[in-house]
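Protein chains in written order, with my numbering: chain A, 1 to 449; chain B, 1 to 449.
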């Protein structure tokens, strides 16, 4: 592997561009693999992108456009000369063209379609919502027939001249186009040339309807390790197929949503830097406000213990430390459980075991933290009685936070709510008010306030 | 798609098992697809697993064992009769056998190898660490020669009779076995039968050394959409190849580690419920203690403002609310930035833009939260001056938390530290002490304390 060094390639490319040597620049780009080309391209100013793309080999330009985000690709296409657009779009996969068209106004789409050689390939794809199976599928596929022999099937592939080097499965239909089975290229090659497909095809094909949501598509393809998923209509007629690379992005988007939700914010709909200040604020203010209102319970608890606070102002020094540690312990627990739920290490039926597990872990952690807190309080010159209060409080709060952190994600999952809503911020907010109550109750007893 | 309903299948299976109808149970299982079989199997008691597995078709048993976690598979294998083990292991992929053997004692491995027909296939794989390219690869592959024609290559595949239906790429070597290129099955079928591979193979193959870490392997396969990655030695001799399904688990493990780290804990090495109380505690106590010691700065700040607190005990009522909101705002920011970094939406060179973005978002959020906090404080009967203090403090703290939350993940990434260490717990801990300082400084000025 010749490793790809983006800085190195960029500086070479910029040198060629500054010297107005477009040919040299195009050569540098064309030597790269598509994902590397895309990374380089995104780092170039728009003017250079518009200058370079039409000079590249149309196949390579098409691959590059497919690798870019739809919105970036659409922006680029708008700035290109019309004949360059036609040439590049002709070389793109129909499903990618359909996705790209989703970014344009209907009249621009109609106009572009009139300029294409084969608009019928793309037209049906435009009818499906982009986030459905129909929106993900390509209509370019070879359907084999049951009565074909292995040799005839291989000849059909040879004549079809597919572009896709990942090609490994082909679908078999009856004479009206109903999906009947699948064969792999491997099977076609290994079989006796005169064997009929019906004899060795796999009739148990997983397929989806055109309206199936893309997250379900992604889940199926991941669970069953599918590279190709056929899309059918209500009569089981084969409409198209989805390839795995169309779904990888869906899986990545889902992971992004999870992590943003874990941070206590609604998922962003677009790449981060592209969202405006107001849009990002809107995604965050709701949760922040809800957490604020819940958190304001802490004020109520503190007012309740006003006389204790007045008698011993030193009690307040430990407030952030105690509730902060509780929130941290709770976050550790929920993040572990949320992930264990997601990958299937635990299920709702394990709720009691998980709870008992966290209770014991909480006790161990609490004892450890309590001992350290006792020492820290004495170091600050607190009385032994106050130090014992702090130690007891931190131990109890950690156990409580762990128990709560174990229960909430499972409860959410039971109620069919995404467990990632029980994020770190939610946990610390819940632990804060209850933790203060625990703290002052212990203080009242131990310090006889 | 005949949808898979685990409860339904389980109850049918349990009924067969209770009626001692092992045949019926095996039939029910064998009708399922492998991932579904594995889910069902994991839900059965160990005794039933040991009874069912040897009755199943060896190919299916092998697939099922491969789908289970290595440790579960090893436990099951230990409990099976020896001849059943030999039969099933013979049907497994060599790389999966090697992984499984990693769970056994060396003498058991040696003993099992003596019972296999082809121990040489597995032996070299045992030499590589499990988390390296050598540990992931399979040694079962067909190497083609440059001077072969497309027809000869197809005949070689036909004679080799591979099992893998995903087969789509084959590698080309010179006469001493050095990796020279790759061809796809598609190319072999589409090419003129008499064309030599050297004429149309892709000579620019991405390959790795046997010692390459599995995370680098996963990164390469994901970035370049590779289904097969050849593994070579220092002389570029082809040793084996890694298939994509071996890497999917690596990618999933990485996501798990990220999420656990985001919760402020070290990643667990094993499935959650399998780890003991002490082991889980060990993974968490370090961070919890470090955060505690950092958080104890809050005590120092509060002691510094002791006289203000004594003069106006009501100031303490707002402590958890103010620092909690700051921590939440910071967590929202870091989680967004960490993910944007991971998927490549931003890079270090965007640091200034991201910081400016968050500063503006923070200002908007801060103004909104300040207005609400002002109202909330008045509702609690605070004086207008105290309410203004709270509003100003929350606005400043949110802006500060957002700015800090934007900078830290990028700083970590710049220092080549995994940005996920800047987790929610770390953010709230950092914001707590600094937030208190902001709060009391504002209080001192506005309330003239």
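Yeah, the Cβ is synthetic: ideal placement off N, Cα and C, and Gly gets one too.
None of these values were measured; they are calculated from a predicted model.
Contacts that residue 374 of chain B makes with chain A (C-beta to C-beta distance below 9 Å): Translated into positions along the second chain, residue 374 of chain B becomes position 374. Simply none; closest approach about 12 Å.
Neighbourhood of residue 1 of chain A by C-beta distance below 6 Å, restricted to the same chain and skipping five residues each side: Counted from its first residue, the first chain places residue 1 of chain A at position 1. Summary for residue 1 of chain A: the model assigns pLDDT 47, below 50, so the residue's position carries little reliability; its value from the coordinates is reported in the next sentence. In its chain, beyond the 5 residues on either side, no residue has a beta carbon closer than 6 Å to the beta carbon of residue 1 of chain A.
Cβ-based burial, residue 176 of chain B [other Cβ within 10 Å; buried from 16]: If you number the second chain from 1, residue 176 of chain B lands on position 176. Its Cβ having fewer than 16 others within 10 Å, residue 176 of chain B is exposed.
Secondary structure of residue 196 of chain B, DSSP reduced to three states: Here residue 196 of chain B corresponds to residue number 196 of the second chain, with the count starting at 1. DSSP places residue 196 of chain B in strand when its eight states are reduced to three.
Reference residue 451 of chain B, options B/302, B/448, B/351, B/394, closest by Cα: Any property of residue 451 of chain B remains undetermined from this structure, which presents chain B solely from 1 to 449.
Chain A contacts from the segment 252 to 272 of chain B (Cβ-Cβ distance under 8 Å): Within the segment 252 to 272 of chain B, those residues whose Cβ lies closer than 8 Å to any Cβ of chain A are, in chain order, 252, 255, 256, 258, 259, 260, 262, 263, 264, 265, 268, 271, 272.
Three-pair Cβ contact test at 8 Å for the segment 276 to 286 of chain B versus the segment 280 to 295 of chain A: no
Chain B contacts made by the segment 396 to 427 of chain A, where a contact means CB separation under 7 Å: 424, 425
Under 7 Å (Cβ pairs) to chain B, residues found in the segment 209 to 226 of chain A: Correct list: 223, 224, 225.
Three-state class that DSSP yields for residue 441 of chain A in the structure shown: Walking along the first chain from the start, residue 441 of chain A turns up at place 441. Helix.
Separation of residue 165 of chain A from residue 187 of chain B, as counted between CA atoms: The residue you call residue 187 of chain B lines up with position 187 of the second chain. The residue you call residue 165 of chain A lines up with position 165 of the first chain. Going by C-alpha positions, residue 187 of chain B is about 7 Å away from residue 165 of chain A.
Beta carbon of residue 17 of chain A nearer than 9 Å to that of residue 42 of chain A: On the first chain, position 17 is the one that residue 17 of chain A refers to. On the first chain, position 42 is the one that residue 42 of chain A refers to. No, they are not a contact pair.
Three-state class that DSSP yields for residue 68 of chain A in the structure shown: By 1-based counting over the first chain, the position of residue 68 of chain A is 68. Residue 68 of chain A falls in the coil class under three-state DSSP.
Proximity to residue 198 of chain A [Cα-Cα], best of A/145, A/64, A/224, A/237: Position 198 of the first chain, counted from the start, is the residue given in the question as residue 198 of chain A. Comparing alpha-carbon positions, the option among A/145, A/64, A/224, A/237 lying closest to residue 198 of chain A turns out to be A/145.
Contact set between residue 368 of chain B and chain A, taken where Cβ atoms lie within less than 7 Å: Taking the first residue of the second chain as position 1, residue 368 of chain B is located at position 368. Neighbours of residue 368 of chain B on chain A, chain order: 285.
Backbone secondary structure at residue 213 of chain A - three-state DSSP: Taking the first chain and counting its residues from 1, one reaches residue 213 of chain A at position 213. Looking at residue 213 of chain A - three-state DSSP - the assignment turns out to be strand.
Pair within 9 Å by beta-carbon distance, residue 425 of chain A and residue 424 of chain B: Here residue 425 of chain A refers to the residue found at position 425 when the first chain is read from its first residue. Here residue 424 of chain B refers to the residue found at position 424 when the second chain is read from its first residue. It is a contact, given that the beta carbons lie within the stated cut-off.
CB of residue 427 of chain A within 9 Å of CB of residue 405 of chain A, strictly: Translated into the one-based positions of the first chain, residue 427 of chain A becomes position 427. Translated into the one-based positions of the first chain, residue 405 of chain A becomes position 405. For residue 427 of chain A and residue 405 of chain A, yes; Cβs fall inside 9 Å.
Pick from B/237, B/293, B/226, B/98 that is closest to residue 35 of chain A, judged by C-alpha positions: In the first chain, the residue the question calls residue 35 of chain A occupies position 35. Considering only alpha carbons, the answer is B/226.
In chain order, each alpha helix (DSSP H) run of at least 4 residues that lies wholly inside the segment 369 to 433 of chain A: As summarised for the segment 369 to 433 of chain A, the continuous alpha helix (DSSP H) elements at least 4 residues long and confined to that stretch are 384 to 414, given in chain order.
Beta-carbon contacts of residue 362 of chain B that lie in its chain and below 6 Å, excluding the five residues immediately before and after: One-based indexing of the second chain puts residue 362 of chain B at position 362. Same-chain partners within the cutoff: 398, 399, 402.
Alpha helix (DSSP H) segments (min. 4 residues) lying fully within the segment 119 to 191 of chain B: 119 to 122, 133 to 136, 150 to 160, 185 to 190
Residue 142 of chain A versus residue 329 of chain B: straight-line alpha-carbon distance, rounded: Position 142 of the first chain, counted from the first residue, corresponds to residue 142 of chain A. Position 329 of the second chain, counted from the first residue, corresponds to residue 329 of chain B. Distance between the alpha carbons of residue 142 of chain A and residue 329 of chain B is about 53 Å.
Residue 242 of chain A - DSSP class collapsed to helix/strand/coil: What you label residue 242 of chain A is simply residue 242 of the first chain in a count that begins at 1. Correct three-state label for residue 242 of chain A: strand.
Burial state of residue 8 of chain B, where buried means 16 or more other Cβ atoms lie within 10 Å: Counting from 1 along the second chain, the entry for residue 8 of chain B is found at position 8. Under this definition residue 8 of chain B is an exposed residue.
Opening and closing residue of the beta strand (DSSP E) in which residue 230 of chain A lies: Taking the first residue of the first chain as position 1, residue 230 of chain A is located at position 230. That run of the beta strand (DSSP E) goes 228 to 232.
Contact list for residue 380 of chain B against chain A, beta-carbon separation under 8 Å: Numbered from 1 along the second chain, position 380 holds the residue referred to as residue 380 of chain B. Near residue 380 of chain B (Cβ distances below 8 Å), the residues of chain A are 299, 303.
Same chain, Cβ closer than 6 Å to residue 4 of chain B, neighbours up to 5 away in sequence not counted: On the second chain, position 4 is the one that residue 4 of chain B refers to. Here the set comprises 36.
Residue closest to residue 48 of chain B, alpha-carbon to alpha-carbon, out of B/374, B/236, B/33, B/19: Mapped onto the second chain, residue 48 of chain B falls at position 48. For the residues B/374, B/236, B/33, B/19, the minimum Cα distance to residue 48 of chain B belongs to B/19.
Contact with chain C by residue 11 of chain B, beta-carbon distance below 9 Å: In the displayed structure, chain C is absent; the protein chains listed are A and B.
Backbone secondary structure at residue 313 of chain A - three-state DSSP: Position 313 of the first chain, counting from 1, holds the residue named residue 313 of chain A. Residue 313 of chain A: coil per DSSP, three-state reduction.
is_contact[residue 292 of chain B, chain A] using C-beta, thresh 9 Å: Here the question's residue 292 of chain B lines up with position 292 in the second chain. Yes, contact with chain A.
Chain A residues whose Cβ lies nearer than 8 Å to that of residue 240 of chain B: Here residue 240 of chain B refers to the residue found at position 240 when the second chain is read from its first residue. Correct list: empty, because the minimum Cβ distance to chain A is about 16 Å.
Coil, strand or helix - residue 5 of chain B by DSSP: For the purposes of this step, residue 5 of chain B is taken as the residue at position 5 of the second chain. Coil.
Contact with chain A by residue 1 of chain B, beta-carbon distance below 9 Å: As a position in the second chain, residue 1 of chain B is number 1, starting the count at 1. At residue 1 of chain B, the pLDDT of 46 sits below 50, so the modelled position is not reliable and the matter cannot be decided from this model.
Run of the alpha helix (DSSP H) containing residue 55 of chain B, from where it starts to where it stops: Counting from 1 along the second chain, the entry for residue 55 of chain B is found at position 55. No alpha helix (DSSP H) contains residue 55 of chain B, which DSSP labels as neither H nor E.
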